[in-house]
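Numbering (this note's numbering), first residue to last: 200 to 306.
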């Protein structure tokens, strides 16, 4: 388990730490990094485009999650009703869910 933790830290942790360090500098490719403190963050949080994009991202995320939950709930309610062709629709919905696991098991 320890070797996996070390590899994951090297692959994910070190680049993350380096990105945090660079966020406090004026680093550009091919030049030395000069420490500038929180100037990058001050510029970021005072930018109206940043706040607009953050708002758009949050709205998009909420709408997608709510839509996905409502569609899933609707399908669940519909497929628990008795009607002709219920088995066909259940199969049509379950095959895309089950197929990747079966293919992975066969390879």
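We put the CB at the ideal spot given by N, CA and C, even for glycine.
Return the Cβ separation of residue i and residue j in integer angstroms, given the expectation that the two are a contact with Cβ distance under 8 Å.
i: residue 225; j: residue 216; result: About 18 Å; that fails the 8 Å criterion.
i: residue 292; j: residue 274; result: 7 Å
Name the one or two DSSP bridge partners that residue i has.
i: residue 306; result: Paired residues: none, contrary to the question.
i: residue 290; result: According to DSSP, residue 290 bridges with nothing at all.
i: residue 260; result: In the DSSP output, where bridge partners are listed per residue, residue 260 has none listed.
i: residue 224; result: 234
Would you mind stating whether residue i and residue j have Cβ atoms separated by less than 8 Å?
i: residue 288; j: residue 278; result: yes
i: residue 233; j: residue 222; result: no
i: residue 243; j: residue 249; result: yes
Can you look up residue i in the DSSP assignment and give me helix, strand or coil?
i: residue 234; result: strand
i: residue 307; result: Any property of residue 307 remains undetermined from this structure, which presents the chain solely from 200 to 306.
i: residue 301; result: helix
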